[in-house]
Each structure stands twice: as structure tokens, then as C-alpha cells.
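Enquirer:
Number of protein chains: 2
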Amino acid sequence: MKKIRLLTPGPTPVPERLSLRMARPIVHHRSPEFEAVFARVREGLAWLFQTRQDVLVFAASGTGAMEASFVNFLRRGDTVIVVDGGKFGERWSKVAKAYGVAAVVLKCEWGTPVEPATVEKALRENPSARAVYVQANESSTGVYHPIQQLAQVTAKTDALLVVDAISALGAMPLPMDAWGIDVLVSACHKALGLPPGLAFLAASDKAWKQNEAADLPRFYFDVKRERDNQRKNQTAWTPAITLVEGLDESLAMYREEGLETVFERHARMARAARAGMQALGLALFSKSPSAAMTTVNAPDGVDSEKLVKHLFKQYGIKLVGGQDAVKGKIFRIAHLGYFDDFDMLVVIGAIERGLHDLGAKIELGAGLAAAQRSFAGAK
Amino acid sequence: MKKIRLLTPGPTPVPERLSLRMARPIVHHRSPEFEAVFARVREGLAWLFQTRQDVLVFAASGTGAMEASFVNFLRRGDTVIVVDGGKFGERWSKVAKAYGVAAVVLKCEWGTPVEPATVEKALRENPSARAVYVQANESSTGVYHPIQQLAQVTAKTDALLVVDAISALGAMPLPMDAWGIDVLVSACHKALGLPPGLAFLAASDKAWKQNEAADLPRFYFDVKRERDNQRKNQTAWTPAITLVEGLDESLAMYREEGLETVFERHARMARAARAGMQALGLALFSKSPSAAMTTVNAPDGVDSEKLVKHLFKQYGIKLVGGQDAVKGKIFRIAHLGYFDDFDMLVVIGAIERGLHDLGAKIELGAGLAAAQRSFAGAK
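So the protein sequences, as listed, match chains A and B.
First residue of the first sequence: 131, per the working numbering; consecutive thereafter.
First residue of the second sequence: 131, per the working numbering; consecutive thereafter.
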């Protein structure tokens with residue numbers, strides 16, 4: 131027997147309750163029955179985004195919402211500033227290029243967050259920049275970029291702050307209105323625990339104002355059309371009905387647990403995972419670790435790709451390794467979504483076993499003990 | 131107790147076998163396990179499309195694939211010809227407008243198919259037209275447009291034939307390569323019986339050639355990028371994993387039944403539904419009825435909206451009424467997907483009851499008897 135356990139930054143494990151809900155007979159989307167569900171989902175999403183704005187739902191992966199965050203708020207030939215600290219940061223430039231937008235790229239060394247002063251300087255040097263694009267959690271490195279401080283920087287300018295919170299929303303505080311985030315995009319298959327297929331986007335008044343002048347072509351991802359429809363609890367195009375039903379259930383679970391409690395659970399797991407890895411003598415890769423995941427340098431002499439493959443093959447534990455320059459050098463433990471303290475013991479225990487199997491000199495049990503102490507010290 | 135039964139042109143009922151498959155624990159998409167599923171799905175889709183081309187899978191509703199059929203094959207300022215015989219035909223013009231493409235619109239009276247000669251004339255008068263856009267089944271009217279003949283027309287020109295087979299694929303023959311369809315788009319929540327969230331697109335050599343010169347901006351729906359990835363059994367962006375798993379199961383069901391048998395089942399249900407309605411003295415609305423649905427004029431004195439509402443409220447039978455100019459005048463019975471002969475007895479029986487309840491003068495049982503005779507006479 132081999133139990134399979136995903137600790138990957140999307141998809142994340144789907145709670146049984148969501149699977150059961152989605153397995154119910156399908157309802158027609160142009161019906162009062164669906165509209166009642168969608169109304170509840172809209173309200174729940176606004177609560178989750180901590181915004182009074184509309185949170186729009188698209189049938190798409192997260193990248194669809196990233197594209198939407200360009201085409202709906204920019205004009206042909208506009209300049210934007212993009213923070214690029216990993217695979218997802220890189221994607222901003224690719225979208226910009228596809229749409230004829232000039233991107234000023236602020237490269238961050240992988241593992242390092244952007245400095246607010248760097249963004250401030252870039253905005254000073256590019257006063258016509260219409261927006262700053264950044265990840266909350268850069269999934270390829272586990273770096274949390276300082277969103278609140280970045281919002282303070284953009285607030286003083288005409289530029290929007292566009293945040294990809296695909297792997298962050300619901301795992302850590304990102305109060306959209308309180309912090310002044312202008313465009314917040316996310317997706318359903320991370321902290322929310324659904325299978326992939328829904329993307330979300332909410333925009334501030336400042337962003338909606340910019341939407342009026344935007345002239346990049348768009349159709350499927352037209353936020354204005356969606357807002358008009360979704361305010362009537364309908365979608366412009368056929369919605370991913372079962373995922374919307376599952377989202378209704380996921381948001382109910384969030385409400386039952388409470389937003390602050392969910393954030394604290396993620397923070398507690400992150401602290402324990404970090405403590406566990408450090409107790410094994412491993413160094414953390416991210417200099418600004420997010421609550422969604424823990425990225426770790428493999429010890430000398432251990433290829434992280436080999437470790438990741440071994441953990442899955444031998445123990446059914448699915449982690450992800452590093453990409454590009456850090457391939458073979460780091461491994462990533464995602465602990466966002468349907469996880470609790472004891473899941474951290476499982477993953478730390480598996481990593482101990484795996485490292486031991488591969489001949490690394492680690493003290494078996496040291497990581498687990500550190501995690502237990504971390505939990506005990508937690509509020 | 132009230133059993134709910136959907137006979138709507140998308141979503142359609144989800145076979146229990148697909149729901150169970152999709153309720154299984156989620157797998158990670160960047161894994162050999164998922165790649166094996168995706169390889170099988172790619173093969174199955176090519177079989178279903180009857181093509182040797184790649185059938186690309188997008189996490190989107192059908193409209194996403196309609197957009198993809200513009201942005202990947204056209205240049206800014208191009209002219210195209212669009213067949214507009216209903217709500218979905220109208221959508222072509224809207225996409226064209228959004229992307230700065232000039233659309234020569236061939237309006238068909240609702241309920242009437244386009245004449246191949248009309249398209250031929252339009253192509254003669256617009257020799258620079260790059261493509262002809264048409265629905266196979268126009269869901270708002272139940273009209274089947276003569277795809278094979280249209281392909282013969284476009285084959286003699288440089289224009290592509292782009293077919294929206296969202297509510298047609300898998301319910302009627304549309305052999306892409308044999309007929310010479312250049313771009314065939316579809317979705318998973320019609321004949322295939324899945325919940326919405328996957329869109330498909332396949333392109334001919336002629337279309338791929340035009341893709342090389344296309345300059346409309348695109349990112350999420352970039353077919354070239356998807357082809358490069360999907361040939362490696364991966365997708366450029368996170369796929370809708372559970373729907374892909376369900377699609378694997380749906381295609382297995384198709385293979386077990388056999389494509390010709392599925393088509394004959396749909397044709398048989400369509401004949402019986404038409405016979406049943408006519409035996410009740412009702413006239414068919416579509417002058418070119420498709421095998422996917424039967425559209426019917428409500429009898430004098432009966433508001434079709436009222437009938438549709440009554441059938442759902444009283445009997446749990448969900449049909450759809452007419453839109454725009456035919457609102458209140460027609461009702462639509464969709465019989466594509468997970469339906470058999472006996473489901474037709476249910477819906478005909480419910481319509482008889484509903485009409486009777488609303489005071490229409492019909493002979494109870496006449497529709498059912500006609501359907502039975504139709505089935506008995508069927509091969």
C-alpha cells in the first residue's frame with residue numbers, strides 16, 4: 131500500500147466535502163438555483179478578498195486572470211513595471227510582450243523579495259508607468275513580496291498595483307481595500323482546495339477608472355462585460371458550474387473556520403516546517419518565506435530532483451523541486467489549503483527518511499521534534 | 131418527490147461514471163501519471179474529431195475557443211465572413227469587433243440554415259476574406275448549417291472554414307479531415323456530458339499556415355504555444371485536471387459505444403422527438419433540424435416561457451425557451467449527450483402533460499405513440 135499525498139503549490143488536496151458537493155447532479159446555470167449559489171459565492175469571495183468591490187469569476191486557470199489584469203487596464207504602447215523574481219514573475223513580461231506593452235523589468239535574485247525602494251525608484255524614472263505587477267507568493271521560490279509596502283508606494287502615483295495572489299490568497303493576509311491593492315487576481319486550486327479551472331479578479335476604483343481608457347483588445351476576459359453580468363448573478367459565458375458549486379462549499383468551510391484562524395493555521399505550519407528543516411541542518415532558500423510554502427536548499431551532495439523523485443516513488447509524498455537555475459538545488463514544500471499540523475509531521479518525517487535513504491547526514495527525528503516544539507510554542 | 135431532469139443544450143446530464151471519476155483524489159499535472167491520461171485524451175479527441183491534427187485542450191468555456199479561432203488565424207484589419215443565424219452566430223461579430231476584424235455578416239432568418247450559394251457569393255464579393263465562421267448546430271434555434279457543402283465552397287478559396295461545433299461535436303457526423311473543416315472548436319459540456327470548463331480547437335494544415343502570419347495579440351489562447359506543450363502531453367497553463375480525467379472517462383464511453391452508434395442514437399432520438407411533437411399538432415421551428423436538439427413552436431395561445439417554467443416547477447423537467455424575437459414563441463428540447471430512447475418518452479410525456487395543464491388542445495398520448503412508432507421503424 132502506498133498513500134499518495136500532494137504537498138504541491140497547486141493543485142492542492144481537494145477536501146472530501148468539496149468532491150462530494152461537485153459530484154452532485156449538475157444544475158443549469160441560467161436558473162434561479164444557480165443564481166442563488168453564485169450570489170453566495172460572490173459575497174464569500176468579497177469577504178475573502180476583504181473588498182467591497184466585485185470579485186469576478188472566470189472559467190480559466192490563473193494565467194487567464196493574469197492576462198485579464200493587462201488587457202482590461204492598459205492601452206497599446208503603455209509602459210508598466212514588472213517584478214520578476216521567478217517563473218511567475220517572468221510571465222508578466224511575456225503577457226506584456228504579447229500585447230505590445232513595454233515592460234520595465236525589475237529582476238530579483240531568485241529567493242529574494244523586491245525592495246519597495248527599487249519599485250519607488252522605477253516609478254520615478256518611468257513616471258508614465260501605468261501599473262506595477264508583482265506576485266504575493268512567487269511559487270517558484272516561496273518568496274513573499276512586501277505587498278503592503280508596495281501598495282504604499284503605488285498609492286502616491288497614478289500607477290496601479292496589480293498583485294498575483296494565485297498561490298497566496300486565503301493563506302495569508304492580503305486585505306485588498308485596507309492595503310490599497312488595485313487589481314488582485316487569484317485562482318481556486320490553491321488555498322481554496324478546488325481542482326483548477328476558476329480564476330478570480332477584483333479591481334479598485336482607481337483600476338476601474340483606468341479600465342475606461344483601456345484599449346487593448348479583449349473578449350473572453352473582458353472584466354466590464356463580466357461585471358455587468360455577474361452583478362445579476364450570471365456570467366457572460368458558461369461558467370464552470372461544478373467548480374462554482376465546490377467554491378460555494380469551500381467558502382463555507384472558510385467561514386466556519388474564520389479567516390484569521392485560517393491565516394494563523396498557515397503561519398503555524400510554515401513556522402513548524404521551517405523549524406523542522408533548520409533542525410535537520412538545512413538552509414531555507416527564501417529570504418522572505420511566505421506562509422504558503424517552505425523552500426529548502428538540498429544538503430551538500432544531495433540532488434533535490436533525486437530527493438523529490440525518491441519521496442514520491444518510495445513514500446507517495448509529492449513535493450516539487452527547483453526550476454531553471456535552482457533545478458536540483460532546492461525542494462519546495464507547499465502547505466497551503468487543506469493541511470493541518472499533523473500533515474507537517476508527515477512531510478517532515480518523509481523528508482527525514484528520504485534524506486537518510488540518500489545518504490545525507492541528518493539526525494532522524496530532529497526535524498519532527500523541532501516542529502513539535504514549534505507547535506507547542508504557538509498560540 | 132420531484133426528480134430533476136435537464137434536457138438543456140449545455141450543461142447536459144453528467145453520467146454517474148464521470149462524476150465518480152472526477153471525485154477521485156486529484157493528481158498533480160506535472161507528473162507522468164497525468165501525462166498518461168492526457169496522452170490518451172489527445173488520442174481520443176483526435177478520434178472524435180476524426181482528424182490527424184492535434185486537438186488542443188483549453189481550461190475555458192466554449193467561447194474561449196471561439197476567441198482562439200480568431201486571434202490565432204487573423205491579422206489586424208482582416209475581413210471575415212460570419213454566418214449569423216442566432217445567438218451564437220451573433221457572437222462571431224462581437225469577437226471580430228473586439229479584435230478589429232471586419233465582419234461581413236450573412237444574416238439568416240432564425241430557424242433557417244445558410245445557403246452554400248450565399249457563402250459562395252460573399253466569398254466572390256470579398257476575395258480577401260480570410261475565413262468563414264459558422265455554427266454546426268446553432269443552439270438558439272436548433273438549426274444545422276450545411277457544413278460539408280460549406281467546406282466544399284471554402285476549399286476552392288484561400289478562406290478557412292471555422293466551425294463552432296460546441297453543441298454538435300459527438301452528436302452528429304463532422305469528420306474534420308474528410309470534409310475539409312479548417313478550424314473545429316468544441317467544448318466538454320455538451321455531447322461529452324462533462325460539467326463545463328474545457329474547450330477544444332483543432333486546425334487544418336491550411337489554418338496552421340495562416341497561423342504563421344497571424345498578428346492579433348494572444349497569450350492564454352495561443353494555439354502554437356499549446357501545440358508545443360500538448361505534444362509533450364502537458365499544457366502551457368495549469369489544466370482543469372479533474373475535467374481532463376472526466377474527459378478520459380467520457381471518451382472511453384464513446385469508444386465502447388462506437389462513434390457511428392452514438393450518432394445513430396442521436397439521430398433516432400431526434401426523429402422520435404420530431405415525430406412526437408408533430409403528432410401533437412405542433413410545428414417544428416428549425417427548417418434544418420439538427421440531431422442535437424428539437425425546437426418547437428408553442429401552440430397558439432400558449433406562451434412557451436410559461437410552458438418551460440411550468441414543466442420545471444411541476445415536473446422537474448428543464449427545457450429552455452426562445453430568446454430575443456422568439457421569446458415566448460418556441461421551446462427547445464436538447465437531446466445530446468447522456469440520453470436514450472426512454473428519456474424521449476419522458477420528455478414527450480412531460481410536454482403533453484404541460485400543454486394539457488395549460489389548456490392547449492392536444493391528444494394525450496399521441497406524441498408518445500408517434501415516438502414509439504418512430505423507434506420501432508428505426509434501424
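Ideal Cβ positions, reconstructed from N, Cα and C, are used throughout, including at glycine.
Give me the Cβ distance between residue 369(B) and residue 159(B), rounded to the nearest whole Å; I'm assuming they're in contact under 8 Å.
Expert: Taking the second sequence and counting its residues from 1, one reaches residue 369(B) at position 239. Taking the second sequence and counting its residues from 1, one reaches residue 159(B) at position 29. The pair is a contact, with the Cβ atoms about 5 Å apart (cut-off 8 Å).
Enquirer: Among 201(A), 301(A), 208(A) and 213(A), which one has its Cα closest to the Cα of residue 228(B)?
Expert: The residue given as residue 228(B) occupies position 98 in the second sequence. The option with the nearest alpha carbon to residue 228(B) is 201(A).
Enquirer: List the endpoints of the continuous beta strand (DSSP E) containing residue 456(B).
Expert: Sequence index remark: in the second sequence, residue 456(B) carries index 326 (1-based). It is not in any beta strand (DSSP E) - residue 456(B) carries neither H nor E in the DSSP assignment.
Enquirer: By the 10 Å Cβ neighbour count, where 16 or more other Cβ atoms means buried, how is residue 379(B) classified, buried or exposed?
Expert: Taking the second sequence and counting its residues from 1, one reaches residue 379(B) at position 249. Its Cβ being crowded by 16 or more others within 10 Å, residue 379(B) is buried.
Enquirer: Taking the beta strand (DSSP E) that residue 316(A) belongs to, which residues open and close that run?
Expert: The sequence position of residue 316(A) within the first sequence is 186, counting from 1. Start and end: 313–317.
Enquirer: Taking only runs of the alpha helix (DSSP H) that begin and end inside the region 149–179 of chain B, which ones reach a length of at least 4 residues, in chain order?
Expert: Counting whole runs of 4 or more residues, the region 149–179 of chain B contains the alpha helix (DSSP H) stretches 162–179.
Enquirer: If distances are taken between C-alpha atoms only, which option among 397(B), 389(B) and 292(B) comes closest to residue 280(B)?
Expert: As a first step, residue 280(B) must be located in the second sequence, where it is residue number 150. Taking only the C-alpha atoms, the option nearest residue 280(B) is 292(B).
Enquirer: Look at residue 250(A) and residue 283(A) and say whether their C-beta atoms are less than 8 Å apart.
Expert: Within the first sequence, the letter at position 120 stands for residue 250(A). Within the first sequence, the letter at position 153 stands for residue 283(A). Yes; because the gap between Cβ atoms is below 8 Å, this pair is in contact.
Enquirer: Identify the residues that DSSP records as bridge partners of residue 244(B): which are they?
Expert: Against the second sequence, residue 244(B) aligns to sequence position 114. Looking at the DSSP assignment, residue 244(B) forms no beta bridge with any residue, so it has no partner.
Enquirer: For residue 448(A), would you say it is in contact with chain B, using Cβ-to-Cβ distances shorter than 8 Å as the test?
Expert: Translated into the one-based positions of the first sequence, residue 448(A) becomes position 318. It does; some Cβ of chain B falls within 8 Å.
Enquirer: Any chance you could list the alpha helix (DSSP H) runs of at least 4 consecutive residues sitting entirely within the region 434–497 of chain B, in chain order?
Expert: Runs found: 434–445 and 471–487.
Enquirer: For residue 197(A), would you say it is in contact with chain B, using Cβ-to-Cβ distances shorter than 8 Å as the test?
Expert: Against the first sequence, residue 197(A) aligns to sequence position 67. Closer than 8 Å: yes.
Enquirer: From residue 477(B) to residue 172(A), what distance separates their C-alpha atoms?
Expert: For the purposes of this step, residue 477(B) is taken as the residue at position 347 of the second sequence. For the purposes of this step, residue 172(A) is taken as the residue at position 42 of the first sequence. Distance between the alpha carbons of residue 477(B) and residue 172(A): 34 Å.
Enquirer: Looking at residue 447(B) and residue 150(B), is the spacing between their C-beta atoms short of 8 Å?
Expert: Locating residue 150(B) in the second sequence gives position 20, counting from the first residue. Locating residue 447(B) in the second sequence gives position 317, counting from the first residue. No, they are not a contact pair.
Enquirer: Does the pairing of the region 404–419 of chain B with the region 266–281 of chain B give three or more beta-carbon distances under 8 Å?
Expert: Yes: the two stretches touch, three or more of their Cβ pairs being nearer than 8 Å.
Enquirer: Which residues in chain A have a C-beta closer than 8 Å to the C-beta of residue 229(B)? List them in chain order.
Expert: As a first step, residue 229(B) must be located in the second sequence, where it is residue number 99. The contacting residues are 347 and 349.
Enquirer: What is the DSSP secondary structure of residue 218(B), reduced to helix, strand or coil?
Expert: Locating residue 218(B) in the second sequence gives position 88, counting from the first residue. In the structure shown, residue 218(B) sits in a helix (DSSP, three-state: H, G or I).
Enquirer: Run through the region 382–412 of chain A for me and flag every whole alpha helix (DSSP H) of 4 or more residues, listed as ranges in chain order.
Expert: Listed in chain order, they are 389–409.
Enquirer: For residue 198(B), is the classification buried or exposed, using 16 other Cβ atoms within 10 angstroms of its Cβ as the cut-off for buried?
Expert: Position 68 of the second sequence, counted from the first residue, corresponds to residue 198(B). It counts as buried.
Enquirer: List, in chain order, every chain A residue whose beta-carbon is nearer than 7 Å to that of residue 429(B).
Expert: In the second sequence, residue 429(B) corresponds to position 299, counting from 1. Simply none; closest approach about 24 Å.
Enquirer: Per DSSP, what are the beta-bridge partners of residue 298(B) in this structure?
Expert: The sequence position of residue 298(B) within the second sequence is 168, counting from 1. Note: residue 298(B) sits in no beta bridge, so no partner.
Enquirer: Counting contacts by CB-CB distance shorter than 8 Å, is residue 481(B) in contact with chain A?
Expert: Taking the first residue of the second sequence as position 1, residue 481(B) is located at position 351. Not closer than 8 Å to any Cβ of chain A, the Cβ of residue 481(B) fails to qualify, so no.
Enquirer: Residue 375(B): buried (16+ other C-beta within 10 angstroms of its C-beta) or exposed?
Expert: As a working mapping, residue 375(B) is identified with position 245 in the second sequence. Per the 10 Å Cβ criterion, buried.
Enquirer: Could you tell me which whole alpha helix (DSSP H) segments of length 4 or greater appear in the region 328–381 of chain B?
Expert: Listed in chain order, they are 335–343 and 353–360.
Enquirer: Strictly under 8 Å for the Cβ-Cβ distance: is residue 262(B) near chain A by that measure?
Expert: For the purposes of this step, residue 262(B) is taken as residue 132 along the second sequence, with counting starting at 1. It does not; no Cβ of chain A falls within 8 Å.
Enquirer: Do residue 157(B) and residue 296(B) have their C-beta atoms closer together than 8 Å?
Expert: As a first step, residue 157(B) is located in the second sequence; it is residue number 27 there, counting from the start. As a first step, residue 296(B) is located in the second sequence; it is residue number 166 there, counting from the start. Not in contact: residue 157(B) and residue 296(B) (Cβ atoms no closer than 8 Å).
Enquirer: Assign residue 325(B) to one of three DSSP states: helix, strand, or coil.
Expert: The residue given as residue 325(B) occupies position 195 in the second sequence. In this structure, residue 325(B) counts as coil in the three-state DSSP scheme.
Enquirer: Measure the Cβ-Cβ separation of residue 428(B) and residue 437(B) and say whether it is below 8 Å.
Expert: The sequence position of residue 428(B) within the second sequence is 298, counting from 1. The sequence position of residue 437(B) within the second sequence is 307, counting from 1. Result yes, Cβ atoms of residue 428(B) and residue 437(B) sit closer than 8 Å.
Enquirer: Is the Cβ of residue 189(A) closer than 8 Å to any Cβ of chain B?
Expert: Position 59 of the first sequence, counted from the first residue, corresponds to residue 189(A). It does: the Cβ of residue 189(A) has a partner Cβ on chain B nearer than 8 Å.
Enquirer: Would you check if the distance between the CB atom of residue 215(B) and the CB atom of residue 268(B) is smaller than 8 Å?
Expert: Stepping through the second sequence from its first residue, residue 215(B) is reached at position 85. Stepping through the second sequence from its first residue, residue 268(B) is reached at position 138. Yes, Cβ-Cβ distance for residue 215(B) and residue 268(B) is below 8 Å.
Enquirer: Using a Cβ cut-off of 7 Å, pull out every chain A residue sitting near residue 149(B), in sequence order please.
Expert: Indexing the second sequence from 1 puts residue 149(B) at position 19. Within chain A, the residues near residue 149(B) are 153.
Enquirer: Determine which residues of the region 224–255 of chain B have a Cβ less than 8 Å from any Cβ of chain A, and write them out in chain order.
Expert: From the region 224–255 of chain B, only 224, 225, 228, 229 and 230 have a Cβ closer than 8 Å to chain A.
Enquirer: Roughly how many whole angstroms lie between the Cα atoms of residue 504(B) and residue 450(B)?
Expert: The residue labelled residue 504(B) in the question sits at position 374 within the second sequence. The residue labelled residue 450(B) in the question sits at position 320 within the second sequence. Between residue 504(B) and residue 450(B), the C-alpha separation is close to 24 Å.
Enquirer: Counting Cβ pairs, one atom from each stretch, are 3 or more of them under 8 Å apart for the region 347–356 of chain B and the region 162–179 of chain B?
Expert: In short, these stretches do not touch, since the Cβ pair count stays below three.
Enquirer: In this structure, what does DSSP give as the bridge partners for residue 237(A)?
Expert: On the first sequence, residue 237(A) is found 107 positions in, with the first residue counted as 1. Beta-bridge pairing links residue 237(A) to 214(A).
Enquirer: Between which two residues does the alpha helix (DSSP H) holding residue 414(B) run?
Expert: Position 284 of the second sequence, counting from 1, holds the residue named residue 414(B). Note, residue 414(B): premise wrong, no alpha helix (DSSP H); not H, not E.
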